[in-house]
């Protein structure tokens, strides 16, 4: 079919005034307007965002009438400055607009299909001239002739690419962060594994759990960093790496919570078997893993498939995500309550048994956990307060990755603390399962009575006959 294509570079309405384009179209034609522009950081980093009318997109009469399209009553309100040629088009103010503008003209009837001939928006020269570089760029596609125009279907792919690759600018820091974490986790795993190898005869079960948790953490950051790296090189997500990183991350958090509960209950220090408590820990860990995995996978799905999902479907998914977030938070509260309650019970037992060295270890564990919780609360409050600031302290469009990186760092500090407190060392097995001898003054007392022995009555009579006491005092 017939159609016209125009190009508006740098805010000049060259495409809107080309005679050969407009002659090819008749009255009632529909236009697909495509604009690309940069949002200045002084407004992009605010709670309300940029006013697009100040950037040349849409118009506002100053008394509350905002229009994006030159249709309906926009002309009567004096918001269409392009005259009849702008009717049924996106309002683009040539005096304010500093981006790139292209369009396709669609005839009012008949089958029609056409591609954009020059689809590349090259921002290198434009950005250099205006001092624009890293930041937020907005791509808008519109079909404004809603009265006598046609319903159109726009299909195809679009790519964003900077001089560094395809990865969005706000994710480069996250890619480097995961790369650094991968190296650090590998060093931590090698150090802990080497110590276990050196003291292989002194290994206790809890140390195997610590080693496994570090290994799972390494897999998580490796897959997450790999997904971002492949995306930056190829321009497409590596779905296996993306979802594997999400699932492994959930597994890491679930095992970590179970591990801290087991440590708080005294496993490997005051007891070598948790009995029925182990089943409760596993059940709670599985519940956390299930709700957290469903929440994270559905969140990724809603974000990555937003071009395919309908608005209604996406809204339903996000509603389910909110419910799962509440469920996960509730299970987290149970975990933290159980951890600190178990810690208090174990420390009271150790204090009553005068196990000063073991008590000192648990005091350090409690300090690490309290500092972690305090940091999490402070950071959460900071995030809430910052979200209500007119200008954000942390620009989510450029440094949004920091919000998640802080939680990873907080988790890593706790994991390092556990690895340090329960690190493999000489005598670890004896330290774990042997009671520390108490000393009061210069007196030591050892009770050697054998209770409930089959021959205890005869031996007691013989001992009394020969005047032998059951206690040895020094």
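Residue numbers (the working numbering): 46 to 519. Note that CB positions come from ideal geometry on N, CA and C, so glycine has one too.
- Item | 4 or more residues per run - each alpha helix (DSSP H) lying fully within the region 232–297 | 250–279
- Supposed close pair residue 80, residue 135 - CB separation, criterion 8 Å: 7 Å
- Enumerate in chain order the residues of its own chain whose CB-to-CB distance from residue 384 is below 6 Å, with the five nearest sequence positions on each side excluded. 305, 306 and 309
- Query: For residue 465, which three-state DSSP category applies?
  - Reply: helix
- Locate the beta strand (DSSP E) running through residue 371, then write down its first and last residues. Element bounds for residue 371: not the beta strand (DSSP E) but the alpha helix (DSSP H), 356–397.
- Query: Should residue 253 be labelled buried (16 or more other beta-carbon atoms within 10 Å of its own) or exposed?
  - Reply: exposed
- Query: How would you label residue 312, buried or exposed, when you count the other beta carbons within 10 angstroms and need 16 or more for buried?
  - Reply: buried
- How about the region 138–150 and the region 97–117: do they share at least three Cβ pairs that are nearer than 8 Å? yes
- Pick from 95, 213, 461 and 124: whose alpha carbon is nearest that of residue 15? In the structure as shown, the chain begins at 46 and stops at 519. Residue 15 is therefore absent and cannot be evaluated.
- Message: Spatial neighbours of residue 122 within its chain, please: C-beta separation below 6 Å, excluding the five flanking residues on both sides.
- Response: 106 and 110
- Query: Does the separation of the CB atoms of residue 78 and residue 148 fall below 8 Å?
  - Reply: yes
- Query: Taking the continuous alpha helix (DSSP H) assigned at residue 126, which residues delimit it?
  - Reply: Element bounds for residue 126: n/a, residue is neither H nor E.
- Task: Look at residue 261 and residue 300 and say whether their C-beta atoms are less than 8 Å apart.
- Result: yes
- With residue 181 as the anchor, note down where its beta strand (DSSP E) starts and where it stops. 181–188
- Evaluate contact between the region 352–372 and the region 317–330, counting only Cβ atoms and requiring at least three cross-stretch pairs below 8 Å. no
- Under a three-way DSSP split, which group does residue 329 fall into? helix
- Item | Buried versus exposed call for residue 432 [16 or more other C-beta atoms within 10 Å across all chains shown] | exposed
- Taking the alpha-carbon positions, what's the residue 90 to residue 206 distance? 22 Å
- With distances taken from CA atoms, which of 407, 450 and 423 is nearest residue 465? 407
- Item | Own chain residues within Cβ distance below 6 Å of residue 333, not counting five before or after | 299 and 376
- Item | residue 145, enclosing beta strand (DSSP E) - first and last residue | 145–151
- Query: Between which two residues does the beta strand (DSSP E) containing residue 430 stretch?
  - Reply: From DSSP, residue 430 is part of no beta strand (DSSP E) but of the alpha helix (DSSP H) over 401–432.
- Task: Just tell me which of 303, 231, 418 and 224 has its CA closest to the CA of residue 275.
- Result: 224
- Query: At what residues does the alpha helix (DSSP H) containing residue 87 begin and finish?
  - Reply: 86–89
- Using the beta-carbon count (16 or more within 10 Å), is residue 367 buried or exposed? exposed
- Query: How many Å lie between residue 113 and residue 88 at the Cα?
  - Reply: 19 Å
- By DSSP, does residue 137 sit in helix, in strand, or in coil? strand
- Below 8 Å on the Cβ atoms is my guess for residue 194 versus residue 75; work out the distance and round it to an integer in Å. 4 Å
- Does the separation of the CB atoms of residue 460 and residue 258 fall below 8 Å? yes
- Which whole-angstrom value is the C-beta distance of residue 409 and residue 349, which I expect to be below 8 Å? Rounded, the Cβ-Cβ distance is 42 Å, inconsistent with contact.
- Message: Could you check whether the Cβ of residue 449 sits closer than 8 Å to any Cβ belonging to chain B?
- Response: Of the protein chains in this structure there is only one, and it is not chain B.
- Message: Using the Cβ count rule (16 or more neighbours within 10 Å means buried), how would you classify residue 374?
- Response: exposed
- For residue 295, is the classification buried or exposed, using 16 other Cβ atoms within 10 angstroms of its Cβ as the cut-off for buried? buried
- Task: Just grab the DSSP bridge partners of residue 207 for me.
- Result: 210
- Item | Assigned secondary structure, residue 438 (DSSP; H/G/I helix, E/B strand, else coil) | coil
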